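Data first, discussion second: the structure below is written as structure tokens.
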Amino acid sequence: MNNIQTKKSNPNAYYQKIYSEQKEPWNYRARGAEILRHEEIPDLLFGFKGQFENILDIGTSLGQLTQKLLPLSKRLIGFDVSPLAIKSARLNCPSSHAQFLVAALPGLPFLQETFDLIVVSDGIHEFVLKEKRKKALAEIHRSLKKDGICLFSDYLKLEDFDRFLEFIETSHFEIVFTYPLYDRVWYQFESWFKGIRNFSWVKKLISSITIAKILRMPARLLGKYGSRHILILAQKSSEKI
Ligand SMILES: C[S@@+](CC[C@H](N)C(=O)[O-])C[C@H]1O[C@@H](n2cnc3c(N)ncnc32)[C@H](O)[C@@H]1O
33 MNNIQTKKSN PNAYYQKIYS EQKEPWNYRA RGAEILRHEE IPDLLFGFKG QFENILDIGT
93 SLGQLTQKLL PLSKRLIGFD VSPLAIKSAR LNCPSSHAQF LVAALPGLPF LQETFDLIVV
153 SDGIHEFVLK EKRKKALAEI HRSLKKDGIC LFSDYLKLED FDRFLEFIET SHFEIVFTYP
213 LYDRVWYQFE SWFKGIRNFS WVKKLISSIT IAKILRMPAR LLGKYGSRHI LILAQKSSEK
273 I
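Residues in the sequence shown are numbered consecutively from 33, following the working numbering.
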């Protein structure tokens with residue numbers, strides 16, 4: 033069975049295998065555009081509201097982004113489908129107000145109206161099967177407090193941007209803002225070095241935030257086409273569902 037089939041038929045095993053084979057899947061801490069994304073998400077959230085009572089981080093991985101969300105909250109819960117990821121997240125986020133568990137979306141094990149912020153970053157399109165997305169968003173909606181917000185981040189094809197926004201809106205959220213990351217040129221740049229990525233000078237280039245920021249300039253000229261990642265901040269709509 034190939035990887036795509038395993039991801040669909042047995043996602044838990046798929047992700048657990050990734051974590052057993054790679055020290056840091058997706059290499060988030062060594063890639064400029066990802067480092068920048070992990071910095072900008074908490075910055076945007078802080079700018080929007082400052083502090084949050086209860087944060088839920090869905091698909092917490094090794095806790096790379098979670099670490100940066102910690103200063104924004106009095107209580108944070110992170111969960112992931114992979115027990116190996118959760119073991120590392122606990123080590124990477126040693127805080128008395130952080131709690132980690134193994135769980136999967138859809139299937140949220142929380143009471144109604146528990147969180148004032150839910151972060152689902154590189155989540156919905158990464159790991160929720162199309163036929164389960166409606167259920168996943170309904171669970172997120174239910175777990176948010178009245179007026180709670182959800183930060184979605186996803187790596188998308190251009191034609192999926194508007195579809196995703198529409199899907200969020202029809203799932204009883206109001207879009208507060210969208211924030212394209214203008215990272216398409218950076219991903220192209222990274223791909224040029226694929227065969228020589230283990231050279232130390234290449235590692236330096238790829239991990240540079242300055243380069244990631246500079247490459248946003250040409251990406252901006254491409255307009256909508258300049259982004260692979262989009263951040264979407266959405267508020268739970270007050271209308272009853
Ligand atoms: C692409 S990573 C994103 C990590 C992090 N949220 C970020 O943006 O940096 C996706 C993570 O979701 C986890 N995952 C996969 N399926 C899941 C599910 N159904 N529920 C929760 N987490 C899941 C994976 O194990 C992986 O750690």
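Ideal Cβ placement from N, Cα and C applies to all residues, glycine included.
Keep in mind that this is a model prediction, so the values were computed, not measured.
Start-to-end residues for the alpha helix (DSSP H) that takes in residue i
i           : result
residue 219 : 216-224
residue 234 : 232-239
residue 197 : 190-202
residue 123 : 115-124
residue 88  : Counting along the chain, residue 88 falls outside any alpha helix (DSSP H), though it belongs to the beta strand (DSSP E) covering 84-90.
residue 100 : 96-101
Start-to-end residues for the beta strand (DSSP E) that takes in residue i
i           : result
residue 184 : 176-187
residue 210 : 205-212
residue 153 : 147-153
residue 264 : 261-268
residue 156 : Taken as a continuous stretch (DSSP letters only), residue 156 belongs to no beta strand (DSSP E), being part of the alpha helix (DSSP H) at 156-159.
Residue i, DSSP secondary structure in three states
i           : result
residue 248 : helix
residue 75  : helix
residue 136 : coil
residue 255 : helix
residue 54  : coil
residue 107 : strand
residue 42  : coil
residue 129 : coil
residue 142 : coil
Own chain residues within Cβ distance below 8 Å of residue i, not counting five before or after
i           : result
residue 321 : For the chain, the structure presents residues 33 to 273; residue 321 sits outside this window and is missing.
residue 40  : 161
residue 188 : 157, 196, 260, 261, 262
residue 59  : 66
residue 87  : 101, 104, 105, 107, 108, 109, 147, 148, 149, 150, 151
residue 269 : 204, 205, 206
Spatial neighbours of residue i in its chain, beta-carbon cut-off 6 Å, leaving aside the 5 residues before and after
i           : result
residue 152 : 90, 184
residue 228 : 234
residue 182 : 150, 172, 266
residue 174 : 144
residue 68  : 241, 244
residue 132 : 110, 118, 121, 122
Cβ shell of residue i (< 7 Å), same chain only, five flanking positions each side left out
i           : result
residue 247 : 217, 218, 221
residue 114 : 47, 48, 51
residue 252 : 214, 258
Heavy atom of ligand 1 within 7 Å of residue i beta-carbon
i           : result
residue 170 : no
residue 38  : no
residue 64  : no
residue 192 : no
residue 105 : no
residue 217 : no
residue 205 : no
residue 117 : yes
residue 244 : no
residue 211 : no
residue 270 : no
residue 99  : no
residue 43  : yes
residue 90  : yes
residue 155 : yes
residue 137 : yes
residue 131 : no
residue 185 : yes
Does the region 69-87 come into contact with the region 103-115, if we say contact requires no fewer than three beta-carbon pairs (one atom in each stretch) closer than 8 Å? yes
Check whether the region 183-201 touches the region 47-60, counting contact only when three or more Cβ pairs, one atom from each stretch, lie closer than 8 Å. no
Hey, is the region 260-267 in contact with the region 203-216, meaning 3+ C-beta pairs nearer than 8 Å? yes
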